[in-house]
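Q: Chains as they are written, first to last, in numbering that gives the first Met the number 0: chain A, 0 to 176; chain B, 0 to 188. A virtual CB, placed ideally from N, CA and C, is assigned to each residue, including glycine. Submitted below is the structure of interest, expressed as structure tokens.
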Amino acid sequence: MKKVSIVTIFAALMMISSAAVAQTTASGTLTVSATVNGSIQLVFNSDAAGVALSSGAGTNAATLAFGNVSAFGTVVAGVTRTTAASNFTVSSAVDVQVSKTNSASANYTLKAQLGTADATNTWSVGGVAVTSAAQSTLTATGTYTANSNFPVAITVPFTSASGTSISNTINYVATAN
Amino acid sequence: MLRGVDIGLRYVLPFMLFGSSLITSGMAQRKGTNNRTSSTALSMKSQSEGTISVDFISAPDGTALTGGASGQRSLNLGTVSHAAGTQTPNVHVQNLPGRFVVSTRFGLSLQNGSQHASSATIMAALAVPDPAYIFRFDGITLETVPQLVQGKARIGTTLMHRLEIEVPTSLTEKNSQLHNAIIFQIIPN
């Protein structure tokens with residue numbers, strides 16, 4: 000009788016154990032894929048030595064306002080002026096910062112081009128003449144993440160009438176090397 | 000005073016074999032196994048017959064799931080980048096210092112034929128380790144070890160979840176292909 004009881008208990012334990020194991024579960028698999036592209040980003044920043052950008056600092060669409068300029072009168076702080084025999088040049092430091100993400104690129108090439116032709120005044124960026132005809136290379140070995148100063152300069156002939164408004168757009172293109 | 004008990008093998012062996020068949024049946028979770036078992040064993044099998052299942056559902060505000068059976072779908076987030084974001088509908092890119100987060104939503108639908116459980120525990124794990132990216136499911140970081148992502152998910156309903164993948168900007172073209180799988184395990188409560 001005692002043997003039968005022990006065997007019964009043993010069997011019951013086995014059934015309880017198997018009942019626990021019999022708990023059903025489900026599984027599902029979600030495959031996830033994506034392609035990460037490398038990218039670079041260009042922003043303009045005000046340079047402490049130049050005129051503060053009047054709008055768009057920290058973005059890729061900024062405005063630089065020289066204010067009133069003249070060959071011999073006062074110029075606003077941050078504007079550098081040189082006067083020659085028949086013209087004068089006003090210049091302001093402007094920082095360009097190019098950042099890279101997800102790329103092994105070592106440096107970048109920066110080019111600039113005037114948005115519209117200017118038959119009267121002469122433009123330069125970083126000491127390189129800039130026209131609307133073609134892109135001009137400002138640097139072929141730009142350093143990522145650094146604020147690099149590329150001064151914007153306009154040479155105005157003495158023959159320009161007083162009160163003449165000068166306005167143009169300079170398009171910058173950075174390319175990862 | 001303890002006294003030894005003599006259990007004859009002729010009594011124990013039939014029960015051991017019987018218990019063993021129950022365990023095997025439960026572990027295998029098969030429907031309609033045609034084992035020659037006792038009526039008790041068939042009763043145990045019916046518990047496992049009401050199998051729980053999980054389906055992946057495309058979320059209205061998530062990217063469309065593709066391919067495979069309902070329990071094995073694919074989620075292609077397309078091309079993503081820090082500067083350009085993404086062109087894939089309902090995939091979002093959030094730029095953060097030193098990284099960006101790609102996210103989308105999808106649904107998990109739990110069904111249980113037996114109706115024995117009203118809720119289930121959801122565990123999730125990455126299929127393969129991927130140190131380059133961080134995967135998060137509803138804010139919980141996924142690893143190759145299963146993580147508890149939801150303790151009481153209602154069975155019979157479809158709940159929307161958020162998948163986030165954190166991409167360090169320091170990754171280069173060498174690691175540009177993201178490919179992994181998330182394995183979900185559903186355990187009835």
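Scan the region 168–188 of chain B for residues whose Cβ lies nearer than 7 Å to a Cβ of chain A and list them as they occur along the chain.
A: Answer set for the region 168–188 of chain B: Thr168, Leu170, Thr171, Glu172, Ser175, Gln176, Leu177, His178, Asn179, Ala180, Ile181, Ile182, Phe183, Gln184, Ile185, Ile186, Pro187.
Q: How long is the line joining the alpha carbons of B/Leu107 and A/Val97, rounded to whole angstroms?
A: Locating residue 107 of chain B in the second sequence gives position 108, counting from the first residue. Locating residue 97 of chain A in the first sequence gives position 98, counting from the first residue. The straight-line gap from Cα to Cα measures roughly 42 Å.
Q: Is there a Cβ of chain C sitting closer than 8 Å to that of B/Val92, yes or no?
A: Absent here is chain C; the protein component of the structure consists of chains A and B.
Q: To be precise: take each residue of the region 127–157 of chain B, compare its Cβ to all Cβ atoms of chain A, and keep it if any distance is under 8 Å. Which residues remain?
A: The residues in question are Phe134.
Q: In this structure, what does DSSP give as the bridge partners for B/Leu109?
A: Residue numbering aside, residue 109 of chain B sits at position 110 when the second sequence is read from its first letter. Paired residue(s): B/Val53.
Q: Going by C-alpha distance, which of B/Gln176, B/Thr120, B/Arg98, B/Phe105 is nearest B/Met159?
A: Mapped onto the second sequence, residue 159 of chain B falls at position 160. B/Met159 has its Cα closest to that of B/Phe105, out of B/Gln176, B/Thr120, B/Arg98, B/Phe105.
Q: By how many angstroms is the C-alpha of B/Asn179 removed from the C-alpha of B/Ala152?
A: Stepping through the second sequence from its first residue, residue 152 of chain B is reached at position 153. Stepping through the second sequence from its first residue, residue 179 of chain B is reached at position 180. Going from the Cα of B/Ala152 to the Cα of B/Asn179 covers about 24 Å.
Q: Which residues in chain A sit within 9 Å of B/Thr78, going by Cβ to Cβ distance?
A: The residue given as residue 78 of chain B occupies position 79 in the second sequence. Those are Ala33, Thr34, Val35, Asn36, listed as they occur along chain A.
Q: Determine the chain A residues that contact B/Ala58 at a beta-carbon separation under 8 Å, and present them in chain order.
A: Within the second sequence, numbered from 1, the residue matching residue 58 of chain B stands at position 59. Near B/Ala58 there are no residues of chain A at all, since even the closest Cβ is about 13 Å away, more than 8 Å.
Q: Tell me where the beta strand (DSSP E) around A/Tyr107 begins and ends.
A: The residue labelled residue 107 of chain A in the question sits at position 108 within the first sequence. A/Tyr107 -> beta strand (DSSP E) spans 107–113.
Q: I'd like to confirm the pairing. Which residues does DSSP put opposite A/Val42 in its beta bridges?
A: Start at 1 with the first residue of the first sequence, and residue 42 of chain A comes out as number 43. Partner(s): A/Gln96.
Q: Sorted by chain position, which residues of the same chain lie with C-beta nearer than 7 Å to B/Asn94's C-beta, five sequence neighbours on each side aside?
A: Reading the second sequence from its first residue, position 95 is the one you call residue 94 of chain B. Correct list, in chain order: His81.
Q: Going by the DSSP bridge assignment, what does A/Tyr171 pair with across the sheet?
A: Position 172 of the first sequence, counting from 1, holds the residue named residue 171 of chain A. For A/Tyr171, which the question treats as bridged, DSSP gives the partners A/Ala111.
Q: So what does DSSP say about B/Glu142, is it helix, strand or coil?
A: For the purposes of this step, residue 142 of chain B is taken as the residue at position 143 of the second sequence. In the structure shown, B/Glu142 sits in coil (DSSP, three-state: anything other than H, G, I, E or B).
Q: With a cut-off of 8 Å, does the C-beta of B/Thr62 fall near any C-beta of chain A?
A: Taking the first residue of the second sequence as position 1, residue 62 of chain B is located at position 63. Not closer than 8 Å to any Cβ of chain A, the Cβ of B/Thr62 fails to qualify, so no.
Q: In whole angstroms, what separates the C-alpha of B/Leu125 from that of B/Leu64?
A: Start at 1 with the first residue of the second sequence, and residue 125 of chain B comes out as number 126. Start at 1 with the first residue of the second sequence, and residue 64 of chain B comes out as number 65. One C-alpha to the other measures close to 18 Å.
Q: So which of B/Leu141, B/Glu172, B/Ala58 has the shortest CA-CA distance to B/Asp129?
A: The residue you call residue 129 of chain B lines up with position 130 of the second sequence. It is B/Leu141.
Q: In chain order, which beta strand (DSSP E) runs of at least 3 residues are fully inside the region 145–174 of chain B?
A: The region 145–174 of chain B contains these whole beta strand (DSSP E) runs: 146–153, 157–167.
Q: Count the other CB atoms, across all protein chains shown, that sit within 10 Å of the CB of B/Lys173; report buried if there are 16 or more and exposed otherwise.
A: The residue given as residue 173 of chain B occupies position 174 in the second sequence. Exposed, since its Cβ has fewer than 16 Cβ neighbours within 10 Å.
Q: From A/Val68, A/Leu29, A/Val50, pick the residue whose C-alpha is nearest to that of A/Asn148; which is it?
A: Sequence index remark: in the first sequence, residue 148 of chain A carries index 149 (1-based). Selected option, being the one with the closest Cα: A/Val50.
Q: Any beta carbon of chain B sitting closer than 8 Å to that of A/Asn86?
A: In the first sequence, the residue the question calls residue 86 of chain A occupies position 87. No, A/Asn86 does not count as interfacial toward chain B.
Q: Output the boundary residues of the beta strand (DSSP E) element that contains B/Gln86.
A: As a working note, residue 86 of chain B is residue 87 in the second sequence. From DSSP, B/Gln86 is part of no beta strand (DSSP E); its letter is neither H nor E.
Q: Quick one, which residues of the region 144–170 of chain A are near chain B if we go by CB-CB under 9 Å, in chain order?
A: Residues: none.
Q: Could you tell me if A/Pro156 is buried or exposed, where buried requires 16 or more neighbouring beta carbons within 10 angstroms of its beta carbon?
A: Your numbering for residue 156 of chain A matches position 157 in the first sequence. By the neighbour-count rule (16 or more Cβ atoms within 10 Å), A/Pro156 is not buried but exposed.
Q: Less than 8 Å separating the beta-carbons of B/Thr78 and A/Thr34?
A: Reading the second sequence from its first residue, position 79 is the one you call residue 78 of chain B. Reading the first sequence from its first residue, position 35 is the one you call residue 34 of chain A. Contact flag set, yes.
Q: Quick one: which residues of the region 96–110 of chain A get their C-beta closer than 7 Å to a C-beta of chain B? List them in chain order.
A: Per Cβ criterion, the list reads Thr100, Asn101, Ser102, Ala103.
Q: Please report the straight-line C-alpha distance between B/Pro187 and A/Asn146, rounded to a whole angstrom.
A: Indexing the second sequence from 1 puts residue 187 of chain B at position 188. Indexing the first sequence from 1 puts residue 146 of chain A at position 147. B/Pro187 and A/Asn146: Cα-Cα distance of roughly 58 Å.
Q: Across which residues does DSSP place B/Phe134 in a beta bridge pair?
A: To locate residue 134 of chain B, count along the second sequence from 1; it is residue 135. DSSP lists B/Ile164 as partners of B/Phe134.
Q: Less than 8 Å between the CB atoms is what I'm expecting for A/Thr211 and A/Leu109, so what's the real figure, rounded?
A: Past the boundaries of the shown model lies residue 211 of chain A; chain A is included only from 0 to 176, so the question cannot be answered.
Q: Determine contact between the region 98–107 of chain A and the region 127–137 of chain A, defined as no fewer than three beta-carbon pairs at a distance below 8 Å.
A: No: fewer than three Cβ pairs fall under 8 Å.
Q: Helix, strand or coil for A/Ser159 per DSSP?
A: Walking along the first sequence from the start, residue 159 of chain A turns up at place 160. In this structure, A/Ser159 counts as coil in the three-state DSSP scheme.
Q: With 16 as the cutoff for other CB atoms within 10 Å, does B/Val127 come out buried or exposed?
A: As a working mapping, residue 127 of chain B is identified with position 128 in the second sequence. It counts as exposed.
Q: Would you give the residue range spanned by the beta strand (DSSP E) that A/Ser123 belongs to?
A: Within the first sequence, the letter at position 124 stands for residue 123 of chain A. Start and end: 121–124.
Q: Hey, is A/Thr57's beta-carbon within less than 8 Å of any beta-carbon in chain B?
A: As a first step, residue 57 of chain A must be located in the first sequence, where it is residue number 58. Note on identity: in this sequence residue 57 of chain A is Gly, with Thr being the wrong assignment. A/Gly57 does not count as touching chain B.
Q: Counting C-beta neighbours from all protein chains within 10 Å, is the total for B/Leu74 16 or more, i.e. buried, or is it exposed?
A: On the second sequence, position 75 is the one that residue 74 of chain B refers to. Looking at its Cβ environment, which holds 16 or more other Cβ atoms inside 10 Å, B/Leu74 is buried.
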